[in-house]
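Sequence lines, in order, name chains A and B.
The working numbering numbers the first residue of the first sequence as 30 and each following residue consecutively.
The working numbering numbers the first residue of the second sequence as 422 and each following residue consecutively.
Note that the Cβ used here is the ideal one computed from N, Cα and C, for glycine as well.
Since we're looking at a predicted model, the values are computed, not measured.
Only one structure is covered here, and it is reproduced in the block below.
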Amino acid sequence: MIDKKIELKPGIKLNLIKTDIFKTNLISIIITTPLKKKNVTKNALIPFLLKRGSKNFPTNEDISKRLEELYGTSLNCGIDKVGDNQIIKFVAESIDNNYTLNGEDIIKDVLDLLIDVTFNPYMENGKFKESALETEKEHLRTLIDSKINNKDFYAYNKCLENMFEFNGYGLYRYGYIEDLEKITIEDISEYYFELIKTSKIDIYVSGNFENNHIEEILMKNEVLKKLEPRDPEYNVAVPSTENVKKVENPKEIQERMDINQGKLVIGYNVFDNQPNSRNIGIVFNSIFGDGASSMLFQNVREKSGLAYTVRSGFIKPKNVIIVNSGIEIENYEKALEIIKEQLENIKKGKFSDKDIENAKTYIISGIKNIESEQDTEVVFYMGQELSGNYFSVQDYIKNINSVKKEEIVEFAKSLQINTIYFLTGLENN
Amino acid sequence: MNKDLGINALDTLTNLGVDANAYTTNTYTTYLYQATDNFYEALDEFMDYVQNPYYTEENINKERGIIEQEISMYDDDPGQALYMNLLRLLYHNNPINIDIAGTKESISKIDEKVLYQIYNNFYVPENMVIVACGDFEPQELLENIKKRITLNPSNNKITRVYDEEPDTIVDKKALRTMEVSIPIFMIGYKDKIPTGNMVKKYLALDILGEIIMGKSSKLFKRLYDEKLITTSLSFDYEYARTFSHFIIQGASEEPDKVIEEIKNEIEFFKARGISDEDFERTKKKLYGEYVKDFNDPDIIASGVLADYFNDINTFSFFEEFDCIRKEDVMAVLKEVFDENKKAVSIVKGNDIEEE
């Protein structure tokens, strides 16, 4: 639970999550910026450059050694999408002061280090180092290329890209090779200053500490003092059906690769406007394809043995349901038909009150787990921060419990296939 | 499958809001569940289905279809191919060189008779261990588990018979082409059948791995600056009663060059030794990471379980941590990293010509 929320400066918020069930402290600095094709690759490149060195720890090696001294504190940078926003996340996980060998106050050192890395990079003449840019471009290029190594993930992304026509949420979070090649040292340095000057910044600290202690460390931090107040631009991540066009004929896309197992991904638009739609969607999705008792799992995998994996996911801020499965290539038509049939059954109300009860129990057990993982809890509250819709874990459970059968049927009826993507084997196989 | 009701145990557990799963490693099979509510209700079902198998031609056929798909999935996984090729280079006869899921051919021969035979041999109380981690009264839980044990002790003693495994490796190198964006490689050093203080040995190898090729190492910096690698090298010491090996894994456009650099670096440390500063800093890092592992009940339970099968007390790490010395680490370095027992597995993209 968020114990205290403080606006450090306009546009920069601090959230303190006090909990004593962990042996660690988790600190996240999250920078939010609207997803745009022209910036997506630059945003992905920034964390790589920042990890190359800060003013106080000028090289990669210095940062790594410092992290090791701080009892193997981990420092991870992540790029994510929430609705039409790209978020750049810097996360440090360190052991709690109580577990240090000599009672050191490492949370201060960790906060200072993380802030130094994020907002105080090593630069020469106001620019990142040319050699660092060169290496990190290569690094990001490898990461973008590595999409194809995980075929499930690759197919899932291909479906999203086509569904959103390479805009907003359809953009690949790590960007594109053609844009990467064009980035110069001037571009990226200027872009970085603009990013930290104008973007929404949220800091989360989760662990066992005194609120005053953390506030004091942050108030005294020289690097934070220099950040200017801002009125940040970002997209409020609330589902909307307004700007979504109904697709008359679903896009059907096939791609060939040297593989044994085909990957079928179906993207549905949701056109539901019921008041509790978010929670209805979560229950619908659970009955439809999330988990071992779902209709997709039971019918595509258990009854017909067509797939090893089959599941559906509900991308709430975008009002989209995605079904993905790994199937025998020749079973394409059959699998597609059985998947469609499951949705038809829900539309016709062919599911029991017991199915709804089971789905709710499963969802609620997940909700109860939110507070038992530090990172999960931060992601939960950051989602609320971006949607402007704040609710407690208890309210969340109440809203899930209130979902009724007819609401689920109504929700299901609003689904429309937008894109069917199939990753299949080579022709001569 | 539950014998009495004929409904799937997994469904029953899921419906209780419980996350249930099962997995098989090279040496044991684990059934597990995680619950926020309904813990004892789930324990009923959990212990019931593990102790009451129900195999029919029909349910085996259905399951076979699913496992065939699982095998296909792994066949397309470059990491899996890389790992299996390495094990086949290191081991002549040890069954660790066989895919855990089997092959489409090998699973085609499985019937009820085989399954019941395996079940009756191995699913006996003497060969089972239960690990629980959570916020409950240990004594109460213990009573509850005892109450639910219905299997009878077996009269047959399990004897595991393995073909003898020579000390030597099978071959030095394996190369395969698959759909990958960048070549991936794995280096393996075959080690002796485990004896003695394995916790100490594991800790020594962890320290060595960090110092030689970890993120703050000279080697990592050099390879990274020369763009020979873009992500860090990972390493692990894997062992069970009948095998042990140290594995290094990475990705590079020029794997042979990186493999050579790693070899040179290991030789450098063998000759020059490790510094006190590196040794102390690395120990601190590993201590912190070990503490972090105790955040998650799932990791704690699976860790204690794996340690049990290796005859290890999970908490002995802290004792070893306090007394390990630099000399111990150097001795392990000279013992394990033997060029004659090293093999290399590489997976490259389809468009790359073989040299």
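Please compile the residues from chain A whose C-beta is within a distance smaller than 7 Å of the C-beta of residue i.
| i | result |
| --- | --- |
| residue 646(B) | 164 |
| residue 458(B) | 394 |
| residue 715(B) | 52 |
Which residues in chain B have a C-beta closer than 7 Å to the C-beta of residue i? List them in chain order.
| i | result |
| --- | --- |
| residue 93(A) | 636 and 637 |
| residue 322(A) | 432, 435 and 436 |
| residue 391(A) | 435 and 438 |
| residue 355(A) | 490 and 494 |
| residue 337(A) | 487, 490, 491 and 494 |
Residue range of the beta strand (DSSP E) that residue i falls in?
| i | result |
| --- | --- |
| residue 306(A) | Careful: residue 306(A) lies outside any beta strand (DSSP E), inside the alpha helix (DSSP H) at 306-317. |
| residue 106(A) | 103-111 |
| residue 597(B) | 594-598 |
| residue 754(B) | Premise fails: residue 754(B) lies in the alpha helix (DSSP H), 747-757, not in any beta strand (DSSP E). |
| residue 453(A) | 444-453 |
| residue 661(B) | 655-661 |
Taking its Cβ as the centre, do 16 or more other Cβ atoms sit within 10 Å of residue i, making it buried, or is it exposed?
| i | result |
| --- | --- |
| residue 414(A) | buried |
| residue 752(B) | exposed |
| residue 423(A) | exposed |
| residue 563(B) | exposed |
| residue 666(B) | buried |
| residue 188(A) | buried |
| residue 442(B) | exposed |
| residue 692(B) | exposed |
| residue 765(B) | buried |
| residue 373(A) | exposed |
| residue 612(B) | buried |
Using a C-beta cutoff of 8 Å, does residue i count as contacting chain A?
| i | result |
| --- | --- |
| residue 505(B) | no |
| residue 601(B) | yes |
| residue 478(B) | no |
| residue 624(B) | no |
| residue 702(B) | yes |
| residue 496(B) | yes |
| residue 642(B) | yes |
In angstroms, rounded to a whole number, what distance separates the CA positions of residue i and residue j?
| i | j | result |
| --- | --- | --- |
| residue 702(B) | residue 511(B) | 33 Å |
| residue 770(B) | residue 255(A) | 48 Å |
| residue 89(A) | residue 648(B) | 14 Å |
| residue 541(B) | residue 468(B) | 16 Å |
| residue 131(A) | residue 98(A) | 13 Å |
| residue 43(A) | residue 452(A) | 44 Å |
| residue 683(B) | residue 573(B) | 53 Å |
| residue 185(A) | residue 717(B) | 29 Å |
| residue 508(B) | residue 517(B) | 7 Å |
| residue 525(B) | residue 477(B) | 19 Å |
| residue 215(A) | residue 157(A) | 9 Å |
| residue 675(B) | residue 597(B) | 15 Å |
| residue 251(A) | residue 210(A) | 35 Å |
| residue 646(B) | residue 375(A) | 56 Å |
| residue 438(B) | residue 344(A) | 22 Å |
Give a yes or no on whether the minimum CB-CB distance between residue i and chain B is below 8 Å.
| i | result |
| --- | --- |
| residue 334(A) | yes |
| residue 286(A) | yes |
| residue 458(A) | Residue confidence for residue 458(A) is low, a pLDDT of 47 falling below 50, so the modelled location carries little weight; the figure read from the coordinates is stated next. Chain B contact via Cβ: absent. |
| residue 290(A) | yes |
| residue 347(A) | no |
| residue 387(A) | yes |
| residue 171(A) | yes |
How is the alpha helix (DSSP H) around residue i delimited, first residue to last?
| i | result |
| --- | --- |
| residue 723(B) | 718-730 |
| residue 500(B) | 499-511 |
| residue 476(B) | From DSSP, residue 476(B) is part of no alpha helix (DSSP H); its letter is neither H nor E. |
| residue 92(A) | 89-98 |
| residue 623(B) | 619-634 |
| residue 235(A) | Residue 235(A) -> not in any alpha helix (DSSP H); beta strand (DSSP E) instead, spanning 229-236. |
| residue 574(B) | It is not in any alpha helix (DSSP H) - residue 574(B) carries neither H nor E in the DSSP assignment. |
| residue 245(A) | 240-249 |
| residue 645(B) | 639-646 |
So which residues of chain B does residue i contact, with C-beta pairs closer than 8 Å?
| i | result |
| --- | --- |
| residue 368(A) | Within 8 Å Cβ-Cβ: nothing; residue 368(A) doesn't reach chain B, min ~15 Å. |
| residue 75(A) | Those do not exist, as residue 75(A) stays about 17 Å from chain B at its closest Cβ, beyond 8 Å. |
| residue 177(A) | 600, 601 and 602 |
| residue 330(A) | 487 |
At 9 Å on the CB atoms, spell out the chain A contacts of residue i, in chain order.
| i | result |
| --- | --- |
| residue 712(B) | 52, 53, 100, 101, 124, 125 and 128 |
| residue 705(B) | 97, 98, 99, 100, 101 and 130 |
Kindly list, in the order they appear in chain B, the residues whose Cβ is closer than 9 Å to that of residue i.
| i | result |
| --- | --- |
| residue 180(A) | 494, 497, 498 and 600 |
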